[in-house]
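Heads up: the sequence shown begins at 127 in this note's numbering, then just goes up one per residue. Shown next, in structure tokens, is the structure this report addresses.
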Amino acid sequence: MDKAQRDNHPVKSQLLSMTLSIESLRASKILLEQEHTILRGMVKSASAKRTGTSVNDVDSHDNSTTFQKLLDAANTRAAEQAAKGREEYQARTMEHQAQALLILMHA
């Protein structure tokens, strides 16, 4: 097999593709680890603010509890905003229906 055949061989192409996939996964793993570190820092900071202590004095168990509380609070806020949006939409819809009825009654 000459060099041109080796360079264009399907197995070589598959190996290059797999190598790129592996490198992409490694990069994704690094990014996820960095995001995890940032989130841990944010939770630690929020916990320190909540308790009025230094960031270094916050223990990891408190972090998981704080993180869950922050997550629950965010979910609650999102649900409240969604409910408020639904109520506003329903109110506008009813207003438009009332206006349409008035127009029909006067026509």
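A virtual CB, placed ideally from N, CA and C, is assigned to each residue, including glycine.
Non-local beta-carbon contacts of A204 in its own chain, meaning distances under 8 Å to residues more than five positions away in sequence, are absent. Every alpha helix (DSSP H) stretch that sits fully inside the region 136 to 188 and reaches 4 residues is listed by chain position as 136 to 177. Note on S173: 16 or more other CB atoms within 10 angstroms of its CB, so buried under the neighbour-count rule. In the three-state reduction of the DSSP assignment, N134 falls in the coil class. L146 places its beta carbon 8 Å or farther from that of V169.
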